[in-house]
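Enquirer:
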Ligand SMILES: NC(=O)c1ccc[n+]([C@@H]2O[C@H](COP(=O)([O-])OP(=O)(O)OC[C@H]3O[C@@H](n4cnc5c(N)ncnc54)[C@H](OP(=O)(O)O)[C@@H]3O)[C@@H](O)[C@H]2O)c1
């Protein structure tokens, strides 16, 4: 994406301190787009911001009302450059049995993946509507297309993100505001260590994985083109197509088989 090609001038990116969000920030920075970078690790954001001009850093914990409030205040601030691209990317997962998971962690996951994303999207649309233009990219997952035993809360939060985004895409058709859900599959980032899914690295072959850079490229392209959904990569597209057209009963059988095979494998 070159500066001449980028249709946005100032972007706000949540979860910009690592992984897909960081890759998106570098692509925008290189294209000369001004940025507001949001995450908790300020040192990481400062290091990215130092590489580009016109870059603000907001250190905020988006599982808290105060953290979300700081981002909403920046979106509303009429004294600063208006934001015409919002990338709602911050998120994490929790693997394991639902009953064994720490309830506070699950609450934080819902607060970040659902509440913060919804509040930021809401304010972004309110600010963009009078201007008659803007771009909103919500980072979901291919996990949003099926219930996810072993990642139950995560898949449910992402189902919310995809559903909300597709609804907004339709609701805002013709308004000048483009809304896109980016639904990555396996992507090499810090997600695996934080969500305790590092075991997936040995379970799935190299070709099933994408780089954060490629996912970022596809997501930015999709929101510029006004697509409702972006599933990056051939493997992810095929998996999504199979799960979309598989009757729920059959999907349950195949999940059960996977579960049994996975157990045998780990013995
Ligand atoms: N990697 C995958 O395989 C994969 C697949 C599908 C979808 N996704 C989605 O892609 C998005 C980005 O994840 P990633 O893979 O790039 O993982 P990542 O490397 O762990 O990045 C997550 C980002 O979210 C930020 N974040 C986490 N908790 C936060 C909080 N409480 N407040 C503010 N920011 C917070 C982190 O920054 P700080 O820690 O500095 O706050 C970090 O910048 C997520 O929504 C994830 O669900 C990932």
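In this note's numbering, the protein residues as written are 54 to 320. Glycine included, every Cβ here is placed at the ideal spot set by N, Cα and C. Because the structure is a prediction, the values reported are computed rather than measured.
Among the residues of its own chain, which have a CB less than 6 angstroms from the CB of residue 289, if the five just before and after it don't count?
Expert: 195, 238
Enquirer: With a 10 Å radius around its C-beta and 16 neighbouring C-beta atoms as the bar for buried, classify residue 132 as buried or exposed.
Expert: exposed
Enquirer: Based on the DSSP secondary-structure assignment, which residues constitute the bridge partners of residue 163?
Expert: Paired residue(s): none; residue 163 is not in a bridge.
Enquirer: Compute the Euclidean distance between the alpha carbons of residue 274 and residue 267, then round it to the nearest angstrom.
Expert: 11 angstroms
Enquirer: For a test of the three-state rule: what should DSSP assign to residue 86, helix, strand or coil?
Expert: coil
Enquirer: When you compare each of 112, 97, 58 to residue 76 by their alpha carbons, which one comes out closest?
Expert: 97
Enquirer: Quick check on residue 168: does DSSP put it in helix, strand or coil?
Expert: helix
Enquirer: Going by beta-carbon coordinates alone, are residue 91 and residue 65 separated by less than 8 angstroms?
Expert: yes
Enquirer: Can you give the Cα-Cα distance for residue 250 and residue 99, rounded to whole angstroms?
Expert: 28 angstroms
Enquirer: In chain order, what residues of the same chain lie with their CB nearer than 6 angstroms to the CB of residue 154, ignoring the 5 residues before and after it?
Expert: 147
Enquirer: Sorry if obvious, but does the Cβ on residue 128 come closer than 7 angstroms to a heavy atom of ligand 1?
Expert: no
Enquirer: State the Cα-Cα distance for the pair residue 111 and residue 296, rounded to the nearest angstrom.
Expert: The alpha-carbon of residue 111 is positioned some 38 angstroms away from that of residue 296.
Enquirer: Under a three-way DSSP split, which group does residue 284 fall into?
Expert: coil
Enquirer: Going by Cα to Cα distance, which pick from 226, 213, 230, 84 is closest to residue 187?
Expert: 230
Enquirer: How many Å lie between residue 128 and residue 120 at the Cα?
Expert: Straight-line Cα distance between these residues: approximately 13 angstroms.
Enquirer: In angstroms with no decimal places, state the Cα-to-Cα distance between residue 107 and residue 244.
Expert: 28 angstroms
Enquirer: Is it buried or exposed for residue 314, if we count other Cβ within 10 angstroms and need 16 for buried?
Expert: Because residue 314 carries a pLDDT of 34, less than 50, the predicted location of this residue cannot be relied on, and no value is offered for it.
Enquirer: I'd like to check one pair, residue 151 with residue 293: are the Cβ atoms closer than 8 angstroms?
Expert: No; because the gap between Cβ atoms is not below 8 angstroms, this pair is not in contact.
Enquirer: Please confirm whether residue 263 and residue 233 have their CB atoms less than 8 angstroms apart.
Expert: Taking 8 angstroms as the cut-off, the beta carbon of residue 263 is found no closer than this to the beta carbon of residue 233.
Enquirer: Comparing alpha-carbon positions, which option in 122, 85, 123 lies nearest residue 105?
Expert: 85
Enquirer: Tell me whether residue 200, by its Cβ, gets closer than 7 angstroms to a heavy atom of ligand 2.
Expert: Among the ligands present in this structure, namely ligand 1, ligand 2 is not found.
Enquirer: Hey, could you find the ends of the beta strand (DSSP E) residue 109 is sitting in?
Expert: 108 to 112
Enquirer: Less than 8 angstroms between the C-beta atoms of residue 137 and residue 63, yes or no?
Expert: yes
Enquirer: For residue 222, does the three-state DSSP call read helix, strand or coil?
Expert: helix
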